[in-house]
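As structure tokens, the structure follows; a few thoughts come after it.
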């Protein structure tokens, strides 16, 4: 990649992506998006890499669908990184009375978004719901993770194995927490996400 080329990356998702971006003067937030930004910046000083954080807390795939044109297509990115699915499952557990997004609809909408996007896709597996592989949330998440893997293959997207990496961490038996509440990342969780993303995308930059 030459010095004159500018790369624009949109990272879109829920609160895990958002991570306080509105309170941040640089609009990057304080989570994994910032860590990715800082790593790419210091490791590629000769390249102009622009990162746009388009995370919104509470979002499900249906919310991404509603704002895709404005927050992704109109930004004309070179790369689009998608991290969505946690709230699609979590709402089934904490707000069962609301209209839910089950796997079939999740896949249909996700596929539609991939179809609309001309940029190189980077699909992140949904992370975890509770730091216990056997939790109900993680059991329900399996179908959603499989959908993301399937779509990544179909659309020649880069797959970021975030769910797998969190599982591997939990299986290793380390007692240091990765989340503040079973879902939202602490700094270690954000580091794991960023490392997973950077490793999957290492040939891009």
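In the UniProt record's numbering, the protein residues as written are 1 to 205. The beta-carbon is built from N, C-alpha and C at its ideal position, and this holds for glycine as well.
Compute the distance between the beta-carbons of residue i and residue j, then report whether it is under 8 Å.
i, j, result
"residue 126", "residue 163", "yes"
"residue 7", "residue 36", "no"
When the Cα atoms are used, what is the spatial distance from residue i to residue j?
i, j, result
"residue 77", "residue 123", "15 Å"
"residue 32", "residue 197", "9 Å"
"residue 92", "residue 64", "18 Å"
"residue 170", "residue 133", "7 Å"
"residue 54", "residue 11", "6 Å"
"residue 56", "residue 115", "22 Å"
"residue 131", "residue 178", "8 Å"
"residue 202", "residue 97", "42 Å"
"residue 3", "residue 205", "Note that residue 3 scores 45 on pLDDT, short of 50, meaning its location in the model is unreliable and no value can be drawn from it."
"residue 146", "residue 42", "34 Å"
Classify residue i as helix, strand or coil using the three-state DSSP reduction.
i, result
"residue 145", "helix"
"residue 61", "helix"
"residue 8", "strand"
"residue 15", "helix"
"residue 105", "helix"
"residue 53", "strand"
Going by Cα to Cα distance, which pick from the options is closest to residue i?
i, options, result
"residue 100", "108, 110, 89, 107", "89"
"residue 102", "42, 87, 17", "87"
"residue 183", "5, 6, 15", "15"
Excluding sequence positions up to five away, which residues of its chain have a Cβ less than 8 Å from the Cβ of residue i?
i, result
"residue 39", "194, 198"
"residue 29", "17, 18, 19, 20, 21, 53, 55"
"residue 151", "107, 110, 111, 114, 123, 157"
Note down, in chain order, each residue of its chain lying with its Cβ closer than 7 Å to the Cβ of residue i, except the 5 sequence neighbours on either side.
i, result
"residue 186", "177, 178, 179, 180"
Taking only beta-carbon atoms, is residue i less than 8 Å away from chain D?
i, result
"residue 166", "Among the protein chains of the structure shown there is no chain D, as only one such chain exists."
I'd like the list of long-range same chain contacts for residue i, defined as Cβ closer than 6 Å, with 5 residues on each side in sequence excluded.
i, result
"residue 60", "87, 88, 101"
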